[in-house]
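In the working numbering, the protein residues as written are -6 to 382.
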């Protein structure tokens, strides 16, 4: 199998999912062309291709915590601004289109327009990974209408559409783009079950000087991610456990001040330490302002045997079950109460942790999910070949 993967930018969550998919396909002998602006080292053993933009301003689907003058959301661009980026994406894909069997574009964005245009001209099948964050702006009336029209056309014409949850498929995509349900593959984000494992804690508790038990809250320290809600929730259980935040963002100084002696804000930590901290935590929590489309940190928590407690809504219910964690109404008071109730029952936490690990092994293995992706891409290639013959 020969696959081109076209990303709008390097990404964080969605970009890491793309890299995970690419790594799996390469491990199975596929030839993968992996491309986005500033690709750098990209994916080991893939053909990594840099997309050279006409400007140092990178188009993004949402501003990252470090966003500044070198990033701009496509949803806020004029038609002229947005379409000025398309030649670079199309030229990069044109250079390899004759050497691939299928193209997988990421996001309902400029990358989707370029993927559709080049694949159609070459008569090649293409699929789109329609991440929720990429399509959400249109629900708020954003995107220039002509830009959105071409994105919508790309979605309609795709041989297959990939989403992480039924919530993304039904509430974010199909609510505004009339696409048959059978065109979709619902594929959760996969987890490295060796990296996220109850026994993989090392000396991380000692090195960071933490007290056990502790509740961990990973993620960007931005208003939309809701760490301020977890700080408020911590007042309800601080006598039982400290709260540890990992990640960076503009709220860090204020969170430290508001948290006081109820916990710690560690900022950015290495990826290996992040995994070990999640594995070592007693509970994991998060309380984003908007509904999560998937919520990969909750699946990581399950794999680490760490029961997650989170706000209900969105796609989170596809990850957290009553046996493996808890979902609450969207208020800090309810979240804090649920965390307190569990912290008072260590035996229940232990049972949940075991069930969480079992659920991760059965549902979120990156190897199992990677095999499903590979099989699906193969079906799309075969389906197009059958139509052509």
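Yeah, the Cβ is synthetic: ideal placement off N, Cα and C, and Gly gets one too.
Please return the same chain residues whose Cβ sits closer than 8 Å to the Cβ of residue i, not counting the five positions on each side in sequence.
i           : result
residue 382 : Interpretation of residue 382 is limited by its pLDDT of 48, a score under 50 that renders its predicted location unreliable; no figure is taken from the coordinates.
residue 91  : 115
residue 215 : 58, 242, 243 and 244
residue 374 : -6, 94, 95 and 118
residue 217 : 281, 282 and 283
residue 371 : -6
residue 19  : 25, 36, 37, 38 and 39
residue 395 : Nothing can be reported for residue 395: it is not among the residues displayed for the chain, which extend from -6 to 382.
residue 74  : 65
Would you mind reading off the limits of the alpha helix (DSSP H) that contains residue i?
i           : result
residue 271 : 264 to 273
residue 162 : Run containing residue 162: none; DSSP gives neither H nor E here.
residue 295 : 289 to 296
residue 126 : 125 to 132
residue 149 : 138 to 150
residue 5   : Careful: residue 5 lies outside any alpha helix (DSSP H) and carries neither H nor E.
residue 200 : 197 to 200
From what residue to what residue does the beta strand (DSSP E) around residue i run?
i           : result
residue 156 : 153 to 156
residue 121 : 119 to 122
residue 169 : Counting along the chain, residue 169 falls outside any beta strand (DSSP E), and DSSP gives it neither H nor E.
residue 345 : No beta strand (DSSP E) contains residue 345, which is instead part of the alpha helix (DSSP H) from 339 to 356.
residue 316 : Where residue 316 is concerned, there is no enclosing beta strand (DSSP E), given that its DSSP letter is neither H nor E.
residue 114 : No beta strand (DSSP E) contains residue 114, which is instead part of the alpha helix (DSSP H) from 103 to 115.
residue 333 : No beta strand (DSSP E) contains residue 333, which is instead part of the alpha helix (DSSP H) from 325 to 336.
residue 303 : 301 to 304
residue 92  : No beta strand (DSSP E) contains residue 92, which DSSP labels as neither H nor E.
residue 179 : 177 to 179
residue -4  : -5 to -1
Can you find the residues in the same chain that come closer than 7 Å, C-beta to C-beta, to residue i, ignoring five residues on each side of it along the sequence?
i           : result
residue 190 : 272, 296 and 297
residue 128 : 101, 165 and 166
residue 289 : 6 and 182
residue 9   : none
Keeping to the same chain, check which residues put their C-beta closer than 6 Å to that of residue i; ignore five residues upstream and five downstream.
i           : result
residue 68  : 130, 135 and 136
residue 301 : 277, 291, 294, 313 and 318
residue 336 : 230, 233 and 234
residue 170 : 145 and 148
residue 358 : 186
residue 206 : 234 and 275
residue 262 : 239
residue 17  : 363
residue 98  : -1, 104, 105, 108 and 121
residue 199 : none
Taking Cβ positions, are residue i and residue j nearer each other than 7 Å?
i           : j           : result
residue 119 : residue 307 : no
residue 107 : residue 87  : no
residue 44  : residue 28  : yes
residue 219 : residue 274 : no
residue 209 : residue 270 : yes
residue 256 : residue 228 : no
residue 203 : residue 178 : no
residue 53  : residue 63  : no
residue 303 : residue 348 : no
residue 0   : residue 15  : no
residue 182 : residue 157 : yes
residue 109 : residue 150 : yes
residue 42  : residue 30  : no
residue 124 : residue 7   : yes
residue 309 : residue 340 : no
residue 188 : residue 268 : yes
residue 89  : residue -3  : yes
residue 174 : residue 126 : no
Using a threshold of 6 Å, is the CB atom of residue i nearer than that to any non-hydrogen atom of the ligand PLP?
i           : result
residue 136 : Inclusion of the ligand PLP in the displayed structure is not the case, the ligand content being empty and no account of it being possible.
Counting only beta-carbon atoms, is residue i nearer than 7 Å to chain D?
i           : result
residue 295 : Chain labels in this structure do not include chain D; a single protein chain is all it has.
Is it the case that the segment 135 to 155 contacts the segment 102 to 114, given that we only count it when at least three CB pairs across the two stretches are under 8 Å? In short, these stretches touch, since the Cβ pair count reaches three.
Extract the residue ranges of the beta strand (DSSP E) inside the segment 17 to 89, only unbroken runs of 3 or more that lie entirely within it. 24 to 29, 40 to 43, 51 to 53 and 64 to 66, all fully within the segment 17 to 89.
List in chain order: all unbroken beta strand (DSSP E) runs of 3+ residues lying wholly within the segment 205 to 276. If one requires a minimum length of 3 residues, the beta strand (DSSP E) runs lying completely within the segment 205 to 276 are 207 to 211, 235 to 239 and 256 to 260, in chain order.
Meets three-Cβ-pair contact criterion under 8 Å: the segment 246 to 255 and the segment 223 to 231: They touch, by the three-pair rule.
Is the segment 319 to 330 touching the segment 184 to 203 in the sense that three or more CB pairs, one from each, lie closer than 8 Å? Below 8 Å, too few C-beta pairs join the segment 184 to 203 and the segment 319 to 330 to call them touching: fewer than three.
Is the segment 144 to 157 in contact with the segment 75 to 82, if contact means three or more CB pairs nearer than 8 Å? No, the segment 144 to 157 does not touch the segment 75 to 82.
Do the segment 352 to 367 and the segment 326 to 334 meet, that is, are 3 or more Cβ pairs less than 8 Å apart? Result no; under three Cβ-Cβ pairs closer than 8 Å.
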